[in-house]
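As structure tokens, the structure follows; a few thoughts come after it.
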Amino acid sequence: MSNELLQALKLIKQKEWIDLTHTFGPDSPHFAAFAAAEFKTLFTHDDGFFAQSFTFPGQYGTHLDAPIHFVREARYLDELGLKELVLPLVVIDKSKEAAADADYSLSVADIEAFEAEHGEIEAGSFVALRTDWSKRWPSQERFENKDSDGNNHAPGWSMEALEFLFRQRGVKAIGHETFDTDSAADYTKNGALLAEYYVLERDTYQVELLKNLDLVPAKGAVIFNIVPKAERASGFPVRSFAILP
Numbered sequence: 014m015s016n017e018l019l020q021a022l023k024l025i026k027q028k029e030w031i032d033l034t035h036t037f038g039p040d041s042p043h044f045a046a047f048a049a050a051e052f053k054t055l056f057t058h059d060d061g062f063f064a065q066s067f068t069f070p071g072q073y074g075t076h077l078d079a080p081i082h083f084v085r086e087a088r089y090l091d092e093l094g095l096k097e098l099v100l101p102l103v104v105i106d107k108s109k110e111a112a113a114d115a116d117y118s119l120s121v122a123d124i125e126a127f128e129a130e131h132g133e134i135e136a137g138s139f140v141a142l143r144t145d146w147s148k149r150w151p152s153q154e155r156f157e158n159k160d161s162d163g164n165n166h167a168p169g170w171s172m173e174a175l176e177f178l179f180r181q182r183g184v185k186a187i188g189h190e191t192f193d194t195d196s197a198a199d200y201t202k203n204g205a206l207l208a209e210y211y212v213l214e215r216d217t218y219q220v221e222l223l224k225n226l227d228l229v230p231a232k233g234a235v236i237f238n239i240v241p242k243a244e245r246a247s248g249f250p251v252r253s254f255a256i257l258p
């Protein structure tokens, strides 16, 4: 016997699944203010079983930021609803622009050009910014991309683009391949991560350090952001993946 749900599962199992998540460890790129992860062996098979302990910040590897990460009295990770974590996926490709200008910020004009080609971005979507920055993994140095004065250079989202997506298009969440929402140049100019605060202030989440966005179409895929349910967590490593249409 079968039912509608099992038929749907059979259908999606026939589709192509793309892992959007970096494998991370003690030597993986991470936000400079955090210590590197520690993986320790607690017991070996000689003790009867293999067990480990893991020490790392919540914002480590490909990870999900909950609203509380930046916004006081906002939701913690464990308060996010399951259906919020599975969304239609839109991928805006700015990899060529980021290759030419490491400080590139997505603009409203970029979004309008995307929609002219692919159609309007639907409300409730997860919008990912493809820059191919993930191809710099696993080099901390290449992720930070410092100049001779020690300033980082990495692409990101402009405030105007995010305001357009959330206010005009009603998107649900966003993701990107870099450490931060803001471009490094905008962070240097503003002295704060204004774009990241803006996203989390919308009472939603974002996913950072995504990979393989180059394997996902502009529209039509679905993203799953499967994250442990840590109590009162501001964020946690996530297993993000896409199912292609």
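Going letter by letter, the sequence shown gives residues 14 to 258 in the working numbering.
Just so you know, even glycine gets a beta-carbon here, dropped at the ideal spot from N, CA and C.
In angstroms, rounded to a whole number, what distance separates the CA positions of residue i and residue j?
{"i": "residue 97", "j": "residue 176", "result": "20 Å"}
{"i": "residue 258", "j": "residue 233", "result": "6 Å"}
{"i": "residue 47", "j": "residue 70", "result": "7 Å"}
{"i": "residue 127", "j": "residue 173", "result": "16 Å"}
{"i": "residue 17", "j": "residue 29", "result": "21 Å"}
{"i": "residue 150", "j": "residue 68", "result": "21 Å"}
{"i": "residue 183", "j": "residue 138", "result": "8 Å"}
{"i": "residue 136", "j": "residue 125", "result": "15 Å"}
{"i": "residue 226", "j": "residue 117", "result": "17 Å"}
{"i": "residue 167", "j": "residue 194", "result": "10 Å"}
{"i": "residue 238", "j": "residue 76", "result": "9 Å"}
{"i": "residue 112", "j": "residue 41", "result": "22 Å"}
{"i": "residue 132", "j": "residue 49", "result": "42 Å"}
{"i": "residue 15", "j": "residue 62", "result": "39 Å"}
{"i": "residue 221", "j": "residue 43", "result": "11 Å"}
{"i": "residue 165", "j": "residue 156", "result": "9 Å"}
{"i": "residue 228", "j": "residue 31", "result": "7 Å"}
{"i": "residue 159", "j": "residue 170", "result": "19 Å"}
{"i": "residue 134", "j": "residue 20", "result": "28 Å"}
{"i": "residue 26", "j": "residue 244", "result": "32 Å"}
{"i": "residue 99", "j": "residue 198", "result": "32 Å"}
So is residue i buried or exposed if we call it buried at 16+ other beta carbons inside 10 Å?
{"i": "residue 154", "result": "exposed"}
{"i": "residue 58", "result": "exposed"}
{"i": "residue 24", "result": "exposed"}
{"i": "residue 64", "result": "exposed"}
{"i": "residue 272", "result": "Residue 272 is absent from the structure shown; the chain starts at 14 and stops at 258."}
{"i": "residue 109", "result": "exposed"}
{"i": "residue 163", "result": "exposed"}
{"i": "residue 236", "result": "buried"}
{"i": "residue 224", "result": "buried"}
{"i": "residue 72", "result": "buried"}
{"i": "residue 186", "result": "buried"}
{"i": "residue 152", "result": "exposed"}
{"i": "residue 94", "result": "exposed"}
{"i": "residue 241", "result": "exposed"}
The alpha helix (DSSP H) with residue i in it runs from where to where?
{"i": "residue 155", "result": "153-157"}
{"i": "residue 22", "result": "17-26"}
{"i": "residue 108", "result": "108-113"}
{"i": "residue 40", "result": "Looking at the DSSP string, residue 40 is not in any alpha helix (DSSP H), and its letter there is neither H nor E."}
{"i": "residue 199", "result": "197-203"}
Taking DSSP as the reference, what is the three-state secondary structure of residue i?
{"i": "residue 126", "result": "helix"}
{"i": "residue 167", "result": "coil"}
{"i": "residue 95", "result": "helix"}
{"i": "residue 181", "result": "helix"}
{"i": "residue 226", "result": "helix"}
{"i": "residue 258", "result": "coil"}
{"i": "residue 143", "result": "strand"}
{"i": "residue 84", "result": "coil"}
Identify the continuous beta strand (DSSP E) that holds residue i and give its terminal residues.
{"i": "residue 238", "result": "234-239"}
{"i": "residue 54", "result": "51-56"}
{"i": "residue 174", "result": "Here residue 174 belongs to no beta strand (DSSP E); instead the alpha helix (DSSP H) covers 172-176."}
{"i": "residue 221", "result": "219-221"}
{"i": "residue 206", "result": "That residue, residue 206, is in no beta strand (DSSP E); it is neither H nor E in DSSP."}
{"i": "residue 68", "result": "64-68"}
{"i": "residue 250", "result": "248-250"}
{"i": "residue 30", "result": "30-32"}
Any heavy atom of the ligand NAD closer than 6 Å to the CB of residue i?
{"i": "residue 71", "result": "Absent from the structure shown: the ligand NAD. Ligands present: none."}
Touch test, the segment 79-90 against the segment 246-254, Cβ-Cβ under 8 Å, three pairs minimum: yes
Validate contact between the segment 140-153 and the segment 183-191 using beta carbons, cut 8 Å, 3 pairs: yes
Contact the segment 224-240 vs the segment 99-108: 3+ CB pairs below 8 Å: yes
Inter-stretch contact at 8 Å, needing at least 3 Cβ pairs: the segment 50-68 / the segment 203-214: no
Validate contact between the segment 212-226 and the segment 73-89 using beta carbons, cut 8 Å, 3 pairs: Three or more Cβ pairs drawn from the segment 212-226 and the segment 73-89 lie within less than 8 Å of each other, which places the two stretches in contact.
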